[in-house]
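Taking this note's numbering, I'd label the letters of the sequence shown as residues 30 to 262.
The C-beta atom is built at its ideal place from N, Cα and C for all residues, glycine as well.
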Amino acid sequence: MSSPEQVVAPIEVPAAYGVVVEYIRRAIHLGVYSAGDRLPPERAHAKQLGVSRVTLREALRVLEGEGYLEMRRGATGGATVIARGETKARLRQKLDELMGIQDFRIANESLAARRAAERASEDDLIELERTIAVIRDEPTQHDFRRADSDFHLKIAAVADHELLRKAIEDARAAMFGQIDVVDFEVITQTAVRGHQRIVDALRDGDAAKAGQAMTAHVKSATKEILAVLDEDE
Numbered sequence: 030m031s032s033p034e035q036v037v038a039p040i041e042v043p044a045a046y047g048v049v050v051e052y053i054r055r056a057i058h059l060g061v062y063s064a065g066d067r068l069p070p071e072r073a074h075a076k077q078l079g080v081s082r083v084t085l086r087e088a089l090r091v092l093e094g095e096g097y098l099e100m101r102r103g104a105t106g107g108a109t110v111i112a113r114g115e116t117k118a119r120l121r122q123k124l125d126e127l128m129g130i131q132d133f134r135i136a137n138e139s140l141a142a143r144r145a146a147e148r149a150s151e152d153d154l155i156e157l158e159r160t161i162a163v164i165r166d167e168p169t170q171h172d173f174r175r176a177d178s179d180f181h182l183k184i185a186a187v188a189d190h191e192l193l194r195k196a197i198e199d200a201r202a203a204m205f206g207q208i209d210v211v212d213f214e215v216i217t218q219t220a221v222r223g224h225q226r227i228v229d230a231l232r233d234g235d236a237a238k239a240g241q242a243m244t245a246h247v248k249s250a251t252k253e254i255l256a257v258l259d260e261d262e
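What follows is the structure in structure tokens.
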């Protein structure tokens, strides 16, 4: 019989800078930072993340090499988020992956909406309505992505299931890491209509209706994305 030592694999502890790389990359994908934004000054940023400045510098070098950041010198310098070189042509080549992410979102986010319908407070609904107002009011790409993520992640939080919340956040980070080339203005009105139907269902406390509204919303947004990808660059 094998001993526990033979069965259990050794624990692999990631390097501290690798954890920081993943954290900042994820923040960029979720819209916390957008192209043109500067990250906080090094000293303050390291303190905020709870790491040394050496660790932060190594992480920033990695992200610069991956094409996420540009390191600028001088009084207005620092780490600046830059637009990555994704194209519609390359995204078309990864279409199966994108569709898989959307299917994953439907499964998890429809469940989150059903759970949220049974748990949402009036304050939760007010916060969700606020994100819809941002999207309705001709937002910048950064504002749109931030408000859209705030909406979906708020529902995930109200659903009150940690594994579900993490799954939804993971999927959104993976999705937005790929579709920045899609003109966000194409899907703003789709987002407003879809989000409003979801909130209406949450306000009614109708779990089935909320799940259906979320499924319809993700499918509608997916069709809009595919339509843009079918256009010539």
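| said: I need the straight-line Cα distance from tyrosine 267 to alanine 237, nearest angstrom please. | reply: Here the chain comprises residues numbered 30 to 262, so residue 267 is not present and cannot be evaluated.
| Could you give the distance in angstroms between the alpha-carbon of alanine 185 and the alpha-carbon of leucine 92? | Spanning the two alpha carbons is a distance of roughly 28 Å.
| field | Endpoints, alpha helix (DSSP H) assigned at threonine 169 | value | Segment: none, threonine 169 is in no alpha helix (DSSP H) and carries neither H nor E.
| query | In terms of DSSP beta bridges, what is leucine 193 paired with? | reply | The partner list for leucine 193 (beta bridge, DSSP) is empty, contrary to what the question assumes.
| field | Residue range of the unbroken beta strand (DSSP E) whose run includes glycine 107 | value | First-last of the beta strand (DSSP E) with glycine 107: 107-110.
| request: Look up glutamate 214 in the DSSP assignment and give the residues it is bridged to. | output: According to DSSP, glutamate 214 shares a beta bridge with no other residue.
| field | Burial state of threonine 217, where buried means 16 or more other Cβ atoms lie within 10 Å | value | By the 10 Å Cβ count, threonine 217 comes out buried.
| query | Going along the chain, which residues of its own chain have a beta-carbon closer than 7 Å to the beta-carbon of arginine 72, five neighbours each way excluded? | reply | So the list reads Arg82, once near-sequence residues are dropped.
| query | Roughly how many whole angstroms lie between the Cα atoms of arginine 54 and alanine 162? | reply | Approximately 27 Å, taken between the alpha carbons.
| message | Could you tell me the alpha carbon to alpha carbon distance between aspartate 235 and isoleucine 254, rounded to whole angstroms? | response | Across the structure, aspartate 235 and isoleucine 254 are spaced so that their CA atoms are roughly 29 Å apart.
| query | DSSP state of leucine 68, grouped into three classes? | reply | In the structure shown, the three-state DSSP call for leucine 68 is coil.
| Per DSSP, which one or two residues make a beta bridge with arginine 101? | Its beta-bridge partners are Gly107.
| query | When you compare each of Leu98, Leu120, Leu127 and Gln122 to isoleucine 111 by their alpha carbons, which one comes out closest? | reply | Taking only the C-alpha atoms, the option nearest isoleucine 111 is Leu98.
| Beta-carbon gap between leucine 59 and phenylalanine 173 smaller than 9 Å | 9 Å or more divides the Cβ of leucine 59 from the Cβ of phenylalanine 173.
| Do alanine 242 and aspartate 259 have their C-beta atoms within less than 9 Å of each other? | Inclusion of alanine 242 and aspartate 259 in the CB contact set at 9 Å is not warranted, their separation being larger than that value.
| message | Let me confirm a value: isoleucine 2 is counted as buried when at least 16 other C-beta atoms fall within 10 Å, else exposed. Which label applies? | response | The question about residue 2 has no answer here: the residues shown for the chain are numbered 30 through 262.
| lysine 248 lies in the alpha helix (DSSP H); which residues open and close that run? | That run of the alpha helix (DSSP H) goes 236-259.
| Taking serine 178 as the reference, which of Val215, His224 and Arg90 has the closest Cα? | Serine 178 has its Cα closest to that of His224, out of Val215, His224 and Arg90.
| Backbone CA spacing between arginine 144 and histidine 74 [nearest angstrom] | Rounded to the nearest angstrom, the two C-alpha atoms are 36 Å apart.
| query | Taking the alpha carbon of isoleucine 155 as the point to measure from, which residue in Gln170, Asp132, Glu147 and Phe180 has its own alpha carbon closest? | reply | The residue with the shortest Cα to Cα distance from isoleucine 155 is Phe180.
| message | Does tyrosine 52 pass the burial test, meaning 16 or more other C-beta atoms within 10 Å, or should it be called exposed? | response | Flag for tyrosine 52 reads exposed.
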